[in-house]
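Have a look at the structure below before the remarks.
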Amino acid sequence: AQKVTQAQTEISVVEKEDVTLDCVYETRDTTYYLFWYKQPPSGELVFLIRRNSFDEQNEISGRYSWNFQKSTSSFNFTITASQVVDSAVYFCALSEPLVETNAGKSTFGDGTTLTVKP
Amino acid sequence: DGGITQSPKYLFRKEGQNVTLSCEQNLNHDAMYWYRQDPGQGLRLIYYSQIVNDFQKGDIAEGYSVSREKKESFPLTVTSAQKNPTAFYLCASKMESSYNEQFFGPGTRLTVL
Chain B
1 AQKVTQAQTE
11 ISVVEKEDVT
21 LDCVYETRDT
31 TYYLFWYKQP
41 PSGELVFLIR
51 RNSFDEQNEI
61 SGRYSWNFQK
71 STSSFNFTIT
81 ASQVVDSAVY
91 FCALSEPLVE
101 TNAGKSTFGD
111 GTTLTVKP
Chain A
1001 DGGITQSPKY
1011 LFRKEGQNVT
1021 LSCEQNLNHD
1031 AMYWYRQDPG
1041 QGLRLIYYSQ
1051 IVNDFQKGDI
1061 AEGYSVSREK
1071 KESFPLTVTS
1081 AQKNPTAFYL
1091 CASKMESSYN
1101 EQFFGPGTRL
1111 TVL
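Structure (C-alpha cells):
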C-alpha cells in the first residue's frame, strides 16, 4: 500500500522568509509519480509541480524548487521569498502507475497549512 | 474555458436523506475521482472511474454510490447509509496517464442537519 506523510501540520513564517515543506512517501512500485498541490482558502486544489521516479534532478521554477531524493523517499518543496498569497494548505501526493482500471489513482498526505505573515 | 464544475457549492440535507453531488468536466479527460476532505485532514478517495460505464471503489466507498454514463459527468450520491456525511467533497479528473496531474473542481460543502 502507498503512504504519504507530511509531518509538518502547520508552519508560520514572516513574509520574504524561505520555507520548506517536507514529504516522505512509501511505495513498492518502481515507477511512480510525485506531485505537490496547493489548496487556497477557496478550496480548489491547484497543481504546482510533479516528478517521476526516474528523474531525481532537482529544479527551480520561479520561487518554487523541489528536492527529490529516492534514497530517503523524500520529495520536499521549497518556496523562496514567501509572500502572503502563498498562505494555503499544501498537499503532497503519490500516484500509482496506470494499470488496468486503477486510473493511476493518487494517495495524498494530510497537508501542511502554511501561514505567511506580513 | 475548460474546467471542472461542481454544484451546488453548499448543500444542506436532513439526516436520512440521499443527496446527489454533481461533477462535470469539459477537459475530455478519461479518469475522474471523488474525494472527501474533513477538517485538518487530507483527501480520501471515495470512488474513481477510468472509462465510461466503469468505476471502482476507493478507500472509503461505504455509504456512497456513483455512475459514469457519460465521459464528462461523474455524479456522487451520498446515501443515508453514510454515518457521518458532513464534509467537503472534491471532484477531480485527469488525462489517462499516471504522469499527468489531476484537475480539481471547486468542491461542495455538505452539511447534515
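Which chain is which? The protein sequence lines are B and A, in order.
At position 53 of the first sequence (counting the first as 1) the number is 53 in my numbering, and the numbers step up by one without a gap.
If you want my numbering, it's the position in the second sequence, counting the first as 1, plus 1000.
Cβ atoms here follow ideal geometry from the backbone N, Cα and C, with glycine treated the same way.
Note that the coordinates shown come from a computational prediction; the quantities given were computed from them, not determined experimentally.
Which residues in the same chain have their Cβ closer than 6 Å to the Cβ of residue i, if we skip the five residues on either side of it in sequence?
i, result
"S65 (chain B)", "T78"
"D1038 (chain A)", "A1087"
"T80 (chain B)", "D18 and R63"
"T31 (chain B)", "S53 and P97"
"T107 (chain B)", "Q2, V4 and L94"
For residue i and residue j, I'd like the C-alpha separation in whole angstroms.
i, j, result
"N1018 (chain A)", "L1113 (chain A)", "13 Å"
"V85 (chain B)", "V13 (chain B)", "12 Å"
"A1081 (chain A)", "Y1064 (chain A)", "8 Å"
"Q57 (chain B)", "Y1048 (chain A)", "31 Å"
"W36 (chain B)", "K1014 (chain A)", "36 Å"
"T27 (chain B)", "A1 (chain B)", "7 Å"
"A93 (chain B)", "C1023 (chain A)", "22 Å"
"N1084 (chain A)", "T1108 (chain A)", "15 Å"
"T1079 (chain A)", "F1012 (chain A)", "14 Å"
"E1096 (chain A)", "R50 (chain B)", "16 Å"
"E1101 (chain A)", "G1016 (chain A)", "36 Å"
"K1071 (chain A)", "V1052 (chain A)", "6 Å"
"G1058 (chain A)", "L114 (chain B)", "28 Å"
"S1073 (chain A)", "N1026 (chain A)", "9 Å"
"G1003 (chain A)", "E44 (chain B)", "12 Å"
"D1030 (chain A)", "S61 (chain B)", "29 Å"
"N1028 (chain A)", "F1103 (chain A)", "12 Å"
"E1066 (chain A)", "Q1056 (chain A)", "The sequence shown places Val at residue 1066 (chain A), rather than the Glu named in the question. Those two C-alpha atoms are separated by around 9 Å."
In chain order, what residues of the same chain lie with their CB nearer than 7 Å to the CB of residue i, ignoring the 5 residues before and after it?
i, result
"R1036 (chain A)", "R1044, I1046, I1060, A1087 and Y1089"
"E15 (chain B)", "S82, Q83, V84, V116, K117 and P118"
"D1054 (chain A)", "R1068"
"P1008 (chain A)", "T1108"
"A88 (chain B)", "K38, Q39, P40 and L114"
"F47 (chain B)", "F35 and Y37"
"D29 (chain B)", "E96 and P97"
Apart from the five residues on each side of it in sequence, which residues of its chain come closer than 8 Å, Cβ to Cβ, to residue i?
i, result
"K105 (chain B)", "S95 and E96"
"S74 (chain B)", "D22, C23, V24, Y25, N67 and F68"
Can you tell me the Cβ-Cβ gap for residue i and residue j, rounded? I've got them flagged as a contact below 8 Å.
i, j, result
"T20 (chain B)", "T112 (chain B)", "Wrong, their Cβ atoms sit about 10 Å apart, outside the cutoff."
"C1091 (chain A)", "Y1033 (chain A)", "7 Å"
"L1076 (chain A)", "T1020 (chain A)", "7 Å"
"Q1041 (chain A)", "G1105 (chain A)", "Incorrect: roughly 19 Å between the Cβ atoms, too far for contact."
"Y90 (chain B)", "Y1099 (chain A)", "Not quite, the Cβ-Cβ distance comes to about 21 Å (not below 8 Å), so this is no contact."
On the DSSP bridge list, what partners appear for residue i?
i, result
"A93 (chain B)", "B:F35 and B:F108"
"E26 (chain B)", "B:K3"
For a contact meaning CB atoms closer than 7 Å, what does residue i contact in chain D?
i, result
"Y1064 (chain A)", "Absence of chain D from the displayed structure is noted, the protein chains being B and A."
Exercise. Using a Cβ cut-off of 8 Å, which residues of the segment 1005 to 1016 of chain A contact any Cβ in chain B, in chain order?
Worked result: Going along the segment 1005 to 1016 of chain A in chain order, one finds no residue with a Cβ nearer than 8 Å to chain B.
For this session: Compile a chain-ordered list of the residues in the segment 1086 to 1107 of chain A whose CB is closer than 9 Å to at least one CB of chain B.
Result: Within the segment 1086 to 1107 of chain A, the qualifying residues are F1088, L1090, A1092, K1094, E1096, S1097, S1098, Y1099, N1100, E1101, Q1102, F1103, F1104, G1105, P1106 and G1107.
Problem set entry | Contact residues within the segment 51 to 63 of chain B, judged by C-beta distance below 9 Å to chain A | Those residues of the segment 51 to 63 of chain B that come within reach of chain A (Cβ to Cβ, closer than 9 Å) are N52.
For this session: Compile a chain-ordered list of the residues in the segment 10 to 29 of chain B whose CB is closer than 8 Å to at least one CB of chain A.
Result: Those residues of the segment 10 to 29 of chain B that come within reach of chain A (Cβ to Cβ, closer than 8 Å) do not exist; the list is empty.
Problem set entry | Residues of the segment 1035 to 1046 of chain A whose Cβ lies closer than 7 Å to any Cβ of chain B, in chain order | Of all residues in the segment 1035 to 1046 of chain A, Q1041, G1042, L1043 and L1045 have a Cβ within less than 7 Å of some Cβ in chain B.
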